[in-house]
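In terms of numbering that gives the first Met the number 0, the sequence shown opens at residue 0 and continues consecutively.
All residues carry an ideal CB built from backbone N, CA and C; glycine is no exception.
Following: one structure in structure tokens, then a few remarks.
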Amino acid sequence: MNRNDLLQWLETTDPSRLEELYAEAYRIKREHVGTTVYFRGIIELSNICQKNCLYCGIRKGNSRVERYQMSIDEIAQTAYLADQMKYGSIVLQSGERQDEAFAQFIEEAIHKIKRVSEGRLGITLSLGEQSRETLQRWFKAGAHRYLLRIETSNESLYQKIHPDDHSFQERFACLSMLRQEGYQVGTGVMIGLPFQTLEDLADDILFFQKEAVDMIGMGPYIVHEDTPLAQEAKDFDGKKNLELGLKMIALTRILLKDVNIASTTALQSLSPEGRELGLKAGANIIMPNMTPTKYRKSYRLYDNKPCLDENALLCRGCLENRIDSIGEKIGYNQWGDSPHFLKRDRH
Ligand code: SAM
Ligand code: SF4
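Written out as structure tokens, the structure reads:
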């Protein structure tokens, strides 16, 4: 598929044509990564953030958010629960902080998670841009995957959705650094952003291909009413963004074949079946929410984020039924590395 083909598919709205697209993506998924879904239990360990991304509900400038930071013991207990529930991997996610105290805190948390799970749990980090030294420390402590969305591969759009002191080039450089330091690297974009064109989205897929990423975590942009970008998103259309999100998954699967692709929570926010639809369009990873219920309401990145009143056990039960309903299996107790990572030259 070239850029033009991608663009034509992104423009398509005919339901029967889209069914063909999803079926082809599913065929490729089955052939290259199989139909086992891998879980990454996500622990949203803090909403304290030094950044001010114009779209995000926990941006520093949002004074309506009650800030929290889980303790190392709380993180370790949550990770222990993930291990007991046979999730092979967890993701530690938070707002961005680049201070030494935070670097040390995460390093200790990683050590403790490894201890409580006797080395079983795979650890993915999603903690924003960091220095090489910090990334090395965390890798040495036992983290082995890192998710850092580029948000959009169009630099001028990136500048429009961030304040002036946020830099596309620095974010891009951080992605390269992650690969050099040995991490499995995941990136992704938001889909349906104000000012974003279908050409931008086609270029995003080509960006994933060019950067040879191992994992993709992308999802629809959803408005948060207390953010500056909400002003630019008056014509926000959830149904359209959901469809665009599914098309992006399918096209990325068809082009990149053996990468891991997450069916993200943002899809579920736009439709109760959003994540199953994502799996049927070519995704193979789900990130069940493990955050203790008392913190969930404070980690609201966008409006109508689902499962805020639920707990990890309820989330697991609900997911098992949903995955079963589409005839797929869950890869319990497995890290589920992407075949792409296992094949690629790491030096
Ligand atoms: N602070 C880290 C970072 O920015 O990489 C990790 C946490 S951040 C909350 C994780 C992701 O949430 C971002 O990469 C962004 O794509 C997504 N996000 C934030 N606000 C969103 C919104 N309004 N709609 C959809 N996704 C959003
Ligand atoms: Fe902070 Fe990440 Fe939200 Fe940006 S997207 S404001 S870095 S939590």
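In the three-state reduction of the DSSP assignment, Phe38 falls in the strand class, which pools E and B. Annotation for Gly216: no alpha helix (DSSP H) segment contains it, and DSSP assigns it neither H nor E. In the DSSP annotation of this structure, the continuous segment of the alpha helix (DSSP H) that includes Thr133 starts and ends at 131-140. Secondary structure at Gly185: strand, using DSSP grouped into helix, strand and coil. A distance below 6 Å between beta-carbons, with the five flanking residues on each side excluded, links Met0 to the following residues of its chain, in chain order: Leu254. In the three-state reduction of the DSSP assignment, Arg274 falls in the helix class. Judged by DSSP in its simplified three-state form, Lys256 adopts coil rather than helix or strand. Rounded to whole angstroms, the separation of the alpha carbons of Asp13 and Gln97 is 46 Å. Checking the 7 Å criterion, the Cβ of Lys50 is within range of a heavy atom belonging to ligand 2.
In this structure, Glu10 has its CB at a distance of at least 7 Å from all heavy atoms of ligand 2. Contact annotation: the stretch 10-27 does not touch the stretch 259-270, with fewer than three C-beta pairs closer than 8 Å. Residue state for Lys304 is assigned as coil, using DSSP reduced to three classes. Shown here, Lys233 sits in coil according to DSSP, grouped into three states, outside any helix or strand. Within the same chain, Cβ atoms closer than 8 Å to the Cβ of Arg343 are found at Ala211, Asp213, the five residues on either side in sequence being excluded. Around Tyr79, the same chain offers Val115, Ser116 as residues with beta carbons nearer than 8 Å, after the five sequence neighbours per side are excluded. For Tyr25, the secondary structure class from DSSP, reduced to helix, strand or coil, is helix. Between the stretch 287-295 and the stretch 226-241, the count of Cβ pairs shorter than 8 Å is below three; the stretches do not touch. Assignment of Lys246 by DSSP, reduced to helix, strand and coil, places it in the helix class. Between ligand 1 and Gly94, a heavy atom-to-CB distance of less than 7 Å is present. Here DSSP, grouped into helix, strand and coil, assigns Ile285 to strand. No Cβ-Cβ contact shorter than 8 Å links Asp164 with Leu120. Within 10 angstroms of the beta-carbon of Gln92 lie 16 or more other beta-carbons, which makes it buried. For Ser125, no alpha helix (DSSP H) run applies; the uninterrupted beta strand (DSSP E) run containing it begins and ends at 121-125, by DSSP. Proximity of the beta carbon of Gly127 to ligand 2 is indicated: a heavy atom of the ligand is located closer than 7 Å. In this structure Ile248 does not touch Asn283 by the C-beta definition: roughly 10 Å separates them, more than the 8 Å allowed.
In the displayed model, Ala261 falls within a strand according to three-state DSSP. With a cut-off of 7 Å, the C-beta of Cys55 is classified as near ligand 1, since at least one heavy atom of the ligand falls inside that distance. Non-local beta-carbon contacts of Leu156 in its own chain, meaning distances under 8 Å to residues more than five positions away in sequence, involve Leu192, Phe194, Gln195, Asp199 in chain order.
Contact annotation: His31 and Lys256 have beta-carbon atoms nearer than 8 Å.
Residue state for Arg144 is assigned as strand, using DSSP reduced to three classes.
Rounded to whole angstroms, Gly335 and Lys233 show a C-alpha spacing of 40 Å. In the DSSP assignment, Ile89 falls outside any alpha helix (DSSP H) and within the unbroken beta strand (DSSP E) covering 88-93. Nearest neighbour of Lys113 by Cα position, chosen from Gly87, Asp308, Leu269, Glu180, turns out to be Gly87. Close CB contacts of Glu107 within its chain, under the 6 Å cut and outside five residues either way in sequence, are with Ile71 (chain order).
Beta-bridge partners of Lys342 (DSSP): none assigned. By the neighbour-count criterion, in which a residue is buried when 16 or more other Cβ atoms sit within 10 angstroms of its Cβ, Glu224 is exposed.
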